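To start, the structure itself, in structure tokens.
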């Protein structure tokens, strides 16, 4: 896990350095690639855990540099390592979602951003025999789980978007996915938008 996290940080550093070097280019289009890294929790009927989430998607400005459409793909890697009353769980949560982001308050390069959207989720992984689950009268057995969820997205945070730089930074402390079968995910994320 530490190696994966270090690799992601190195890639972020390379991308930021690339954007600073090429930051003086003018005439960017309304299209960009959005990548993100977050930390949070995922809960559902059969899964509970904390971990990292990674996102990548396309973004298009559709109204006055304030409204953006963002179809994206995200994958989260979770475990119940830090949940005291749960059995051992290791699972991935895969989301395909489409979001709209709006700059509610915009002052020069700084914006207060809100977002909403819809998603399809698949949470799959392994529930083991370890841990300390509540309510079990007999020893649990290992089992594979795979659940599909349909739901929505709500989010909020801050955006720093200098018009003469290739990269915009989104600091999104509120990211909530919710859906059927008691599905919910909560994340704090940092995202980078690379303009074409």
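In the numbering used here, the protein residues as written are 74 to 269.
For each residue, glycine too, the CB sits at the ideal point set by N, CA and C.
Bear in mind that the values here come from a model prediction, so they are computed numbers and not experimental data.
Exposure label - residue 98; buried when at least 16 CB within 10 Å: The predicted model places residue 98 with a pLDDT of 45, which falls under 50 and marks its position as unreliable, so this point remains unresolved.
For residue 98, which three-state DSSP category applies? At residue 98, the pLDDT of 45 sits below 50, so the modelled position is not reliable; the number obtained from the coordinates is stated separately. Correct three-state label for residue 98: coil.
Report the rounded CA-to-CA distance for residue 225 versus residue 190, giving the unit in angstroms. 6 Å
Per the contact definition of three or more C-beta pairs closer than 8 Å, is the region 196-205 in contact with the region 235-248? no
In the DSSP assignment, find the beta strand (DSSP E) that holds residue 133 and state where it starts and stops. 121-136
From residue 265 to residue 214, what does the alpha carbon distance come to, in whole angstroms? Straight-line Cα distance between these residues: approximately 42 Å.
Whose C-beta lies closer than 6 Å to the C-beta of residue 245 among residues of the same chain, with five residues either side of it excluded? 228, 230, 262
Nearest to residue 162 (by Cα), restricted to the options 118, 169, 133: 118
In the DSSP output, what is residue 255 paired with across the bridge? Answer is none; residue 255 lacks a bridge partner.
Backbone CA spacing between residue 125 and residue 137 [nearest angstrom]: 33 Å
Once DSSP output is grouped into helix, strand and coil, what is the label at residue 290? Because the chain is modelled from 74 through 269, residue 290 falls outside the range shown and cannot be assessed.
For the beta strand (DSSP E) that contains residue 230, what are its first and last residues? 216-233
Can you tell me the Cα-Cα spacing of residue 106 and residue 167, whole angstroms? 19 Å
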